[in-house]
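J.: Following this message is one structure expressed as structure tokens.
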Amino acid sequence: MLIKSKEKWMETENSVTDEAQYLNRRTFIKSASLAGAALGAGMVGSSLGFAAKERTLLPLDYAKTSFNPGEDLTPENAITNYNNYYEFGTSKDDPAANAWRLEPKPWSVKVDGLVEKPGTYAFEDLVDMKSLEERIYRLRCVEAWSMVIPWIGIPLSSVLKKIGPKNDAKYVAFETLADRKQMPGIRRPVLDWPYVEGLTIAEAMNDLAFIAVGLYGKEIPNQNGAPLRLVVPWKYGFKSIKSIVRIRLKKRKPATSWNKSAPREYGFYSNVNPEVDHPRWSQARERRIGDFGRRKTLMFNGYGEQVAHLYKDLDLKANY
Amino acid sequence: MGITTAQLRRYGKPLVFGVMLIPAVWLTYNWWQAFQYQPHDLGFNPQETSNRFTGDWAMRILLISLALTPLSRIFRSPKPILFRRMVGLFAFFYASLHITSYVWLDMAFDWPELWADVTKRIYITVGMTAFVLLIPLAITSTKGWVKRIGARQWQKLHKVVYLVGLLVIVHFIMMRKGFQYEPLIYGGILALLLLLRVPAVRRFASLP
Numbered sequence: 003m004l005i006k007s008k009e010k011w012m013e014t015e016n017s018v019t020d021e022a023q024y025l026n027r028r029t030f031i032k033s034a035s036l037a038g039a040a041l042g043a044g045m046v047g048s049s050l051g052f053a054a055k056e057r058t059l060l061p062l063d064y065a066k067t068s069f070n071p072g073e074d075l076t077p078e079n080a081i082t083n084y085n086n087y088y089e090f091g092t093s094k095d096d097p098a099a100n101a102w103r104l105e106p107k108p109w110s111v112k113v114d115g116l117v118e119k120p121g122t123y124a125f126e127d128l129v130d131m132k133s134l135e136e137r138i139y140r141l142r143c144v145e146a147w148s149m150v151i152p153w154i155g156i157p158l159s160s161v162l163k164k165i166g167p168k169n170d171a172k173y174v175a176f177e178t179l180a181d182r183k184q185m186p187g188i189r190r191p192v193l194d195w196p197y198v199e200g201l202t203i204a205e206a207m208n209d210l211a212f213i214a215v216g217l218y219g220k221e222i223p224n225q226n227g228a229p230l231r232l233v234v235p236w237k238y239g240f241k242s243i244k245s246i247v248r249i250r251l252k253k254r255k256p257a258t259s260w261n262k263s264a265p266r267e268y269g270f271y272s273n274v275n276p277e278v279d280h281p282r283w284s285q286a287r288e289r290r291i292g293d294f295g296r297r298k299t300l301m302f303n304g305y306g307e308q309v310a311h312l313y314k315d316l317d318l319k320a321n322y
Numbered sequence: 002m003g004i005t006t007a008q009l010r011r012y013g014k015p016l017v018f019g020v021m022l023i024p025a026v027w028l029t030y031n032w033w034q035a036f037q038y039q040p041h042d043l044g045f046n047p048q049e050t051s052n053r054f055t056g057d058w059a060m061r062i063l064l065i066s067l068a069l070t071p072l073s074r075i076f077r078s079p080k081p082i083l084f085r086r087m088v089g090l091f092a093f094f095y096a097s098l099h100i101t102s103y104v105w106l107d108m109a110f111d112w113p114e115l116w117a118d119v120t121k122r123i124y125i126t127v128g129m130t131a132f133v134l135l136i137p138l139a140i141t142s143t144k145g146w147v148k149r150i151g152a153r154q155w156q157k158l159h160k161v162v163y164l165v166g167l168l169v170i171v172h173f174i175m176m177r178k179g180f181q182y183e184p185l186i187y188g189g190i191l192a193l194l195l196l197l198r199v200p201a202v203r204r205f206a207s208l209p
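Each protein sequence line maps, in turn, to chains A and G.
Add 2 to a position in the first sequence, counting from 1, and you land on the number used in our numbering.
Add 1 to a position in the second sequence, counting from 1, and you land on the number used in our numbering.
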């Protein structure tokens, strides 16, 4: 049974706000805050707060993709309002409510460990904004729900080539920002902050491994991991680490956050696998956001052709 | 308290009944809307929302029902006891909605999958055990059953609710990811309510 429930956010094409009018609202806000300034200093503060919540997501130039599963895209509103990003709170709607505090510009990424060119890279030096491409990927959360998301970004391998992994580097570790001022969720010890995720070098060099800086044609919203995040679509969503501030190349397997928190439940690999259940629920099926029922989960989230060879000598039941 | 027992029976009970129905009315209305393809407030994953919503309310109302006896001791008034059966039955009602939400809306009556869940996932086993233990308590909640069993035996039987409370909290802690405060806060409240029943604690706090 497939019941498509029409949500509040499901608008028809003809009710879309005219672009000129939409852009005009900025002018309105600006003039409103100018009026506020005239009224008093207190008003300026509140209008600045408002401006911060209304981060304008600039449109991006990008090449269309060949990575397209041909399935219905999950609506943008669902992608940007139903998030797991515990640094902003543990409810699904916390990130959308709190992530305006994050300041994604300017941004820099510390690169260290076994690399030829360590150092602190400005976002622009790591991500070539002139070679952006779109990738439409399925995203399968470990909680048994899924989405289809049009990401914009660059292959992770292009970033790695830039920093030059040394021959003895076997793993890539990523770290998310952990700033109390910008991230209210950090005050709670839900996980051992900062959030850490990792891949083997072979996984990281795979064609599918992607660094996303955009979503639905625009810059990526804060709650989705601005300004840059990993996307590894054949693994459960929590592997696709958000708001990256550090990339470290290592000889040894990095200690990743969820694996440290509950090693029995979240393995280092965490490949999407319908045959290996999470101890607390089945991974055989998933609910695509917007669908009423559940559908079968695909091995490697349907990307076996591209990634299965990486694991041919690995017992996937033991290495979940 | 200036309110008489008669007034509580006449006005207080219907009022509490109405208030306790509010979450169920909200949920039913929003599912009704969802099924009609109309706007609703169940969010992007309505099944998840409704599982959590019904579970939260079943647990909260169960804790309220467990608070009434200590309250009557603290205020040295039998009046809170007037509401104990109704509140307890509402806890059972929301627990039933919780099961309905999971079995029907979430799992769509996929019995093999459901059986696998109940037997393989410890937190679901724990939750289901809590629900099953509530059934005899709900059935024997009437005056007729108190007489049939005998007051003393009946009271003994209904002490099972303490175990249900513990199972519910364990179920809640187990379903959350990472280290979270909310289940521990509910656990703390249950611990307090159970402690207030321990004879030594009651003597110490000079409660009847």
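Every residue, glycine too, gets a C-beta built ideally from N, C-alpha and C.
Since this is a predicted model, take the numbers as computed values, not measurements.
With Q308 (chain A) and L210 (chain A) assumed to form a contact (beta carbons below 8 Å), what rounded beta-carbon distance in angstroms separates them?
T.: About 5 Å; that satisfies the 8 Å criterion.
J.: From this set, A:P229, A:G239, A:L251, which residue's C-alpha is nearest P167 (chain A)'s C-alpha?
T.: Ranking A:P229, A:G239, A:L251 by Cα distance to P167 (chain A) puts A:L251 first.
J.: What residue does the alpha helix (DSSP H) around F240 (chain A) start on, and which one ends it?
T.: That residue, F240 (chain A), is in no alpha helix (DSSP H); it is neither H nor E in DSSP.
J.: Looking at the strands, I want to know which residues DSSP matches up with F212 (chain A).
T.: In DSSP, F212 (chain A) forms a bridge with A:P157, A:V233.
J.: May I have the straight-line CA-CA distance separating K253 (chain A) from L116 (chain A), to the nearest angstrom?
T.: Their backbone Cα atoms lie some 8 Å apart in a straight line.
J.: Go to T101 (chain G), then tell me how far its alpha helix (DSSP H) extends in each direction, as first and last residue.
T.: Its alpha helix (DSSP H) spans residues 85 to 101.
J.: Given a limit of 9 Å on CB to CB distance, which residues of the segment 102 to 128 of chain G reach chain A?
T.: Cβ contacts with chain A: L106, D107, M108, A109, D111, E114, A117, D118, K121, R122, I123, Y124, I125.
J.: Quick test of your reading: T55 (chain G) and S102 (chain G), contact by CB under 8 Å. State the CB separation rounded to the nearest angstrom.
T.: So it is a contact: roughly 5 Å between Cβ atoms.
J.: R289 (chain A) and N46 (chain G) look like a contact to me (Cβ under 8 Å); what is the Cβ gap, rounded to whole Å?
T.: About 7 Å separates the two Cβ atoms, so the contact holds.
J.: Please name the residue or residues paired with A65 (chain A) in a DSSP beta bridge.
T.: Paired residues: A:E135.
J.: Any idea what DSSP makes of T122 (chain A), helix, strand or coil?
T.: Three-state DSSP puts T122 (chain A) in a strand.
J.: For T130 (chain G), collect the residues of the same chain with a Cβ closer than 8 Å to its Cβ; drop the 5 residues on either side in sequence, then sort them by chain order.
T.: Hits under 8 Å: L168.
J.: Can you tell me which of the three DSSP states S142 (chain G) falls into?
T.: Coil.
J.: The segment 9 to 27 of chain G: which residues have C-beta closer than 7 Å to a C-beta of chain A, in chain order?
T.: Within the segment 9 to 27 of chain G, no residue qualifies.
J.: DSSP three-state call for F341 (chain A): helix, strand or coil?
T.: Nothing in the structure corresponds to residue 341 (chain A), since chain A is present only between 3 and 322.
J.: State the beta-bridge partners of P152 (chain A) as determined by DSSP.
T.: Paired residues: A:I138.
J.: CA-CA distance, I188 (chain A) and A99 (chain A)?
T.: Approximately 15 Å between the Cα atoms of the pair.
J.: Please report the Cβ distance between G89 (chain G) and S73 (chain G), rounded to the nearest whole angstrom; I am assuming they are in contact, meaning their Cβ atoms lie under 8 Å.
T.: So it is not a contact: roughly 14 Å between Cβ atoms.
J.: Could you name the residues of chain C that N46 (chain G) contacts, counting a contact when the two beta carbons are closer than 8 Å?
T.: Looking at the structure shown, chain C is missing, and the protein chains on hand are A and G.
J.: Note down the Cα distance separating A124 (chain A) from E78 (chain A), rounded to an integer number of angstroms.
T.: If I take the Cα positions, the gap works out to 28 Å.
J.: Of the residues G:K121, G:W155, G:L106, G:R122, which one's Cα is nearest the Cα of P137 (chain G)?
T.: The candidate whose alpha carbon is nearest that of P137 (chain G) is G:W155.
J.: Below 9 Å between beta carbons is the criterion; list the residues of the segment 178 to 202 of chain A that meet it against any residue of chain G, in chain order.
T.: The segment 178 to 202 of chain A vs chain G, Cβ under 9 Å: R190, P191, V192, L193.
J.: Name the residues in the segment 178 to 192 of chain G whose C-beta lies less than 9 Å from a C-beta of chain A; which are they?
T.: Correct list: K178, G179, F180, Q181, Y182, E183.
J.: Tell me where the alpha helix (DSSP H) around A80 (chain A) begins and ends.
T.: It spans 78 to 83 - the alpha helix (DSSP H) in which A80 (chain A) sits, taken as one unbroken run.
J.: Taking DSSP as the reference, what is the three-state secondary structure of R248 (chain A)?
T.: If DSSP states are grouped into helix, strand and coil, R248 (chain A) belongs with the strands.
J.: Between A98 (chain A) and chain G, is any beta-carbon pair separated by less than 8 Å?
T.: By this cut-off, A98 (chain A) is not an interface position.
J.: Secondary structure at E277 (chain A), three-state DSSP: helix, strand or coil?
T.: E277 (chain A): coil per DSSP, three-state reduction.
J.: Please report the distance separating the alpha-carbon of R142 (chain A) from that of V233 (chain A).
T.: R142 (chain A) and V233 (chain A): Cα-Cα distance of roughly 11 Å.
J.: Per the DSSP calculation, V198 (chain A) is bridged to which residue(s)?
T.: Per DSSP, A:E177.
J.: When burial is assigned at 16 or more other CB atoms within 10 Å of the CB, is F110 (chain G) buried or exposed?
T.: F110 (chain G) comes out exposed.
J.: Measuring straight from C-alpha to C-alpha, what distance separates K66 (chain A) and I165 (chain A)?
T.: Answer to the nearest angstrom: the Cα atoms are 26 Å apart.
J.: Taking the beta carbon of P200 (chain G) as the centre, do at least 16 other beta carbons fall within 10 Å, making it buried, or is it exposed?
T.: It counts as exposed.
J.: Does the distance from the C-beta atom of G155 (chain A) to that of A214 (chain A) stay below 8 Å?
T.: In contact: G155 (chain A) and A214 (chain A) (Cβ atoms closer than 8 Å).
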